[in-house]
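Novice:
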Amino acid sequence: MKHNLLYSLILLSIVVLSCEKKEVAVVTPEEKPANCFVSKATGETIYPSVMRAGEVVIKVSENLRGRIEEVNEDLGVLCQGTKAEDKVFSKVQPVGLRRLFPDAGEFEERTHEAGLDRWFIVDLPENISLKQAEEAFYGEYGIEKVEFRHEIVGMFDNTVIPAIETPVLSSAATQVFDDPRLSQQWHYYNDGSQNGMSEGCDVNVLPVWKNKIAGSEDVIVAVVDGGIQYDHPDLAANMWTDSKTGKHGYNFVNNSTTIKAHDHGTHVAGTIAAVNNNGIGVCGIAGGDAKKGVPGVRLMSCQIFMTVGGQDQGGDGAQAIKWAADHGAVISQNSWGYNFDYNGDGVLSGSELSAALNAKIDTYTREAVDYFIRYAGCDNNGNQLASSPMKGGIVIFAAGNDNIKNGAPANYAPIFAVGSVGADYKRAYYSNYGDWVDICAPGGDAYKGYNVLSTIPGNGYGYMQGTSMACPHVSGVAALV
Numbered sequence: 195m196k197h198n199l200l201y202s203l204i205l206l207s208i209v210v211l212s213c214e215k216k217e218v219a220v221v222t223p224e225e226k227p228a229n230c231f232v233s234k235a236t237g238e239t240i241y242p243s244v245m246r247a248g249e250v251v252i253k254v255s256e257n258l259r260g261r262i263e264e265v266n267e268d269l270g271v272l273c274q275g276t277k278a279e280d281k282v283f284s285k286v287q288p289v290g291l292r293r294l295f296p297d298a299g300e301f302e303e304r305t306h307e308a309g310l311d312r313w314f315i316v317d318l319p320e321n322i323s324l325k326q327a328e329e330a331f332y333g334e335y336g337i338e339k340v341e342f343r344h345e346i347v348g349m350f351d352n353t354v355i356p357a358i359e360t361p362v363l364s365s366a367a368t369q370v371f372d373d374p375r376l377s378q379q380w381h382y383y384n385d386g387s388q389n390g391m392s393e394g395c396d397v398n399v400l401p402v403w404k405n406k407i408a409g410s411e412d413v414i415v416a417v418v419d420g421g422i423q424y425d426h427p428d429l430a431a432n433m434w435t436d437s438k439t440g441k442h443g444y445n446f447v448n449n450s451t452t453i454k455a456h457d458h459g460t461h462v463a464g465t466i467a468a469v470n471n472n473g474i475g476v477c478g479i480a481g482g483d484a485k486k487g488v489p490g491v492r493l494m495s496c497q498i499f500m501t502v503g504g505q506d507q508g509g510d511g512a513q514a515i516k517w518a519a520d521h522g523a524v525i526s527q528n529s530w531g532y533n534f535d536y537n538g539d540g541v542l543s544g545s546e547l548s549a550a551l552n553a554k555i556d557t558y559t560r561e562a563v564d565y566f567i568r569y570a571g572c573d574n575n576g577n578q579l580a581s582s583p584m585k586g587g588i589v590i591f592a593a594g595n596d597n598i599k600n601g602a603p604a605n606y607a608p609i610f611a612v613g614s615v616g617a618d619y620k621r622a623y624y625s626n627y628g629d630w631v632d633i634c635a636p637g638g639d640a641y642k643g644y645n646v647l648s649t650i651p652g653n654g655y656g657y658m659q660g661t662s663m664a665c666p667h668v669s670g671v672a673a674l675v
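Numbered by the numbering used here, the letters in the sequence shown go through residues 195 to 675 in order.
1) Among V413, N470 and A512, which has the Cα closest to the Cα of L376?
2) With DSSP as the reference, please indicate the residues paired to E249 in a beta bridge.
3) Confirm, please, whether the CB-CB distance from G656 to A357 is below 8 Å.
4) Looking at the unbroken beta strand (DSSP E) that takes in L647, where does it start and where does it end?
5) Have a look at the DSSP bridge pairing and note the partners of Y657.
6) From A484 to G490, what does the alpha carbon distance come to, in whole angstroms?
7) Using the C-alpha atoms, what's the distance from G594 back to A550?
8) How big is the Cα-Cα spacing for Q378 and G409?
9) When you compare the CB positions of E334 and V265, do they come within less than 8 Å of one another, or not?
10) Could you spell out the range, first to last residue, of the alpha helix (DSSP H) harbouring E264?
11) Only counting runs of 4 or more residues, tell me where the alpha helix (DSSP H) segments fall wholly within the segment 558-620, in order along the chain.
12) According to the Cβ coordinates, are V612 and A622 closer than 8 Å?
13) Can you grab the Cα-Cα spacing for the pair Y424 / E279, in whole Å?
14) If you count every other CB in all the chains shown that lies within 10 Å of the CB of K216, and 16 or more means buried, which is it?
15) E338: which of V251, K325 and H344 sits nearest, CA to CA?
16) Per DSSP, which one or two residues make a beta bridge with L493?
17) Taking the alpha-carbon positions, what's the E303 to K285 distance?
18) Here's a check: name, in chain order, each residue in its chain whose Cβ is nearer than 7 Å to the Cβ of L579, leaving out the five neighbours to either side.
19) Can you say whether P227 is buried or exposed, counting buried as having 16 or more other CB atoms within 10 angstroms of its CB?
20) Which full runs of the beta strand (DSSP E) of 3+ residues lie inside the segment 418-472, going along the chain?
21) So what does DSSP say about Q507, is it helix, strand or coil?
22) Closest to A519 by CA distance: which of R312, Y536, C477 and M584 is it?
23) Span of the beta strand (DSSP E) holding E338?
24) In the DSSP assignment, what residue or residues form a beta bridge with I322?
25) With DSSP as the reference, label F350 as helix, strand or coil.
26) Hey, Q513 and L294 are a contact pair by Cβ (cut 8 Å); roughly how many whole angstroms apart?
27) To the nearest angstrom, report how far apart C230 and P242 are at their CA atoms.
28) Looking at the strands, I want to know which residues DSSP matches up with T501.
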C-alpha cells in the first residue's frame, strides 16, 4: 500500500527525492549531563531530562498481564503477594500502574491480538530514578520490555506570522475556487512569478480540483498534533464528530474530550482540509467544494500538544495513533518527533547530536503504528468496514527540522517520512534528510522569504515553516487519492 500511494503522489507532482544530503555544520560539543546512563535493554544512552519524569513503560508477558487484570491493577496485592508474578513489582514499589493503551471496548479483541493490552505505565516513587527502575525490571519474570517515554516536540520553529496583506483576488488559482487567500498559497500553485520561486514547485492540486476531485467525507484524517480550533469558520464544516460524545477528538495531554486550540495543530489541519470555495480565507487540499455541496475529508483532532502558562505540554503520540484507528481514521498525520535538546539551548550538538543521529522509534510507538496500518478501517478480524473507504491505514510523519541525516520516529520503514523543500525545488535549510525520507513537499523556507499559509486559532490565518508544514501536504493528497 505504501508504494502504491507513493506512485500516486508522484503522479500528482509532489516534489520527490529533492532532499539532497548535505553535511551537518560543526558545532561546539556539549558535555553529557551527570545523570545520563546507558540502557541495559538497548545499549542506548538515556538522557532523563528529555524523558517523562517519574515513569517507565513495561511490556509484560501474557501470564503477568492476566495476573494484573486478576487483581484489578491493585499494587497492594502485586507488591506484597507471594506469586512469582507479584515479586516483579516489589523492588520498585510503584505508586501507580495503568495500561498504556486503555480498554478499547468493541475493539479490545484486536487490541489483545496485537499485544497492546500488555503495555503498562509504571509510576515511580520519588526515591526511584529511571535508571534504578530499569535495573529493577530488566530481565525479571514476566517483563518483556522496559522503555522510557520520550518528551515530544512539534516539527516547526514556533514562529507564526499572521497574514495581514491584502489577498490577490484574481489569479489562475482563484479561477478554480473563490477563497481569497488561495492566491497566496504558492505551495498549491506556484507559477514562478514571485522572486526566488521556481514554476511547478508545488503539489499541483489545481488540475485535480478542476477534475472535480476535492475530497470525501468518508475519509477521516487523524491530526495527531496540537488541538484544532474546531469552530474556525474555515474548518468547522470539515471537522469529524464522534457519534457517541458529540466531540471532535480527544485530548491526550489532560485525558479528556476537551480540545484546546493550538497554533500548530490548527495550521496543519487547514492544509489538509480547510473548506474550499466558501468565499473566505484559504483552501485545504482535500477541503471539498462548499458551493457545490461537496464535503471535504473529516479532521479528527488527536491532541498531543497543549499550551499551558505559555509552555507546551505533551501527551502520548502512540496512544493517539491507536485511538484514531479505533475511531474510524484511515490516515494518521503526525508532525511531531522526539526531543533530544536536553539542555534546552535550541541546538543539537555533541552528545545530543549523537543521540539524535542514532535514534529509533520506541517499541510501543512502533506497535501502535503497526496497529493503525493493519486495523484502520477494519473490524476485529481485519475485514474492511462497509463505512470505510479503505482496508488498513496510512501513517505519515514529518522528517524533522534538525538538518541531520536521521529522524525518529519518522525513520521507521512502514511510515511515510516527509522532508521539506522551499519554493525552488531545494531542500529547506532545516529539513532532515537521507534515504529513509520517502518524499518531500513544500514546507517553506524563511531564509528565502516564503512560508506556508494556513489557518490559525482566533479565526485567523498565518504563515509557518517546517517539515510539520510539509507533512500535511502529503496527508492531504493521500486523502484525495
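All C-beta atoms, glycine included, are put in the ideal place defined by N, C-alpha and C. Since the structure is predicted, the reported quantities are computational estimates derived from the model, not experimental observations.
Specialist: Taking the coordinates as given:
1) By 1-based counting over the sequence shown, the position of residue 376 is 182. Among V413, N470 and A512, the Cα nearest to that of L376 is on N470.
2) Reading the sequence shown from its first residue, position 55 is the one you call residue 249. D317.
3) As a first step, residue 357 is located in the sequence shown; it is residue number 163 there, counting from the start. As a first step, residue 656 is located in the sequence shown; it is residue number 462 there, counting from the start. Cβ distance < 8 Å, so A357 and G656 count as in contact.
4) The residue labelled residue 647 in the question sits at position 453 within the sequence shown. Looking at the DSSP string, the run of the beta strand (DSSP E) that includes L647 is V646 to I650.
5) Stepping through the sequence shown from its first residue, residue 657 is reached at position 463. DSSP, once it has assigned bridges, lists I355 and L647 as partnering Y657.
6) Taking the sequence shown and counting its residues from 1, the one referred to as residue 484 is at position 290. Taking the sequence shown and counting its residues from 1, the one referred to as residue 490 is at position 296. Near 8 Å, if we compare the C-alpha coordinates of G490 and A484.
7) For the purposes of this step, residue 550 is identified with residue 356 of the sequence shown, where counting begins at 1. For the purposes of this step, residue 594 is identified with residue 400 of the sequence shown, where counting begins at 1. Each residue's Cα considered, the two are about 11 Å apart.
8) Within the sequence shown, the letter at position 184 stands for residue 378. Within the sequence shown, the letter at position 215 stands for residue 409. Their backbone Cα atoms lie some 21 Å apart in a straight line.
9) Reading the sequence shown from its first residue, position 140 is the one you call residue 334. Reading the sequence shown from its first residue, position 71 is the one you call residue 265. No. Outside cutoff.
10) Translated into positions along the sequence shown, residue 264 becomes position 70. Residues E256 to E264.
11) As far as the segment 558-620 is concerned, it has no whole alpha helix (DSSP H) run of at least 4 residues.
12) Sequence index remark: in the sequence shown, residue 612 carries index 418 (1-based). Sequence index remark: in the sequence shown, residue 622 carries index 428 (1-based). Against a cut-off of 8 Å, the Cβ pair of A622 and V612 comes out as no contact.
13) Taking the first residue of the sequence shown as position 1, residue 424 is located at position 230. Taking the first residue of the sequence shown as position 1, residue 279 is located at position 85. Going by the C-alpha atoms only, they are around 46 Å apart.
14) In the sequence shown, counting from the first residue as 1, residue 216 sits at position 22. Unreliable placement is indicated for K216, whose pLDDT of 45 sits below 50; no coordinate value is reported for it.
15) The residue you call residue 338 lines up with position 144 of the sequence shown. When only C-alpha atoms are compared, the closest one is V251.
16) As a first step, residue 493 is located in the sequence shown; it is residue number 299 there, counting from the start. In the DSSP secondary-structure assignment, L493 is bridged to V415 and M433.
17) Your numbering for residue 303 matches position 109 in the sequence shown. Your numbering for residue 285 matches position 91 in the sequence shown. One C-alpha to the other measures close to 32 Å.
18) As a working mapping, residue 579 is identified with position 385 in the sequence shown. Correct list, in chain order: G571, C572 and D573.
19) The sequence position of residue 227 within the sequence shown is 33, counting from 1. Result: exposed.
20) For the segment 418-472, whole beta strand (DSSP E) runs of length 3 or above, ordered along the chain, are 443-445.
21) Within the sequence shown, the letter at position 313 stands for residue 507. The answer is strand: DSSP assigns Q507 an E or B state.
22) Position 325 of the sequence shown, counted from the first residue, corresponds to residue 519. Considering only alpha carbons, the answer is M584.
23) Position 144 of the sequence shown, counted from the start, is the residue given in the question as residue 338. Element bounds for E338: I337 to E341.
24) Along the sequence shown, read from residue 1 onward, the residue named residue 322 stands at position 128. In DSSP, I322 forms no bridge with anything.
25) Counting from one through the sequence shown, the residue named residue 350 turns up at place 156. Looking at F350 - three-state DSSP - the assignment turns out to be coil, as it is neither helix nor strand.
26) Here the question's residue 513 lines up with position 319 in the sequence shown. Here the question's residue 294 lines up with position 100 in the sequence shown. Right, the Cβ-Cβ distance comes to about 7 Å (below 8 Å), so this counts as a contact.
27) Start at 1 with the first residue of the sequence shown, and residue 230 comes out as number 36. Start at 1 with the first residue of the sequence shown, and residue 242 comes out as number 48. Spanning the two alpha carbons is a distance of roughly 6 Å.
28) Locating residue 501 in the sequence shown gives position 307, where the first residue counts as 1. Answer by DSSP bridge pairing, in chain order: D506.
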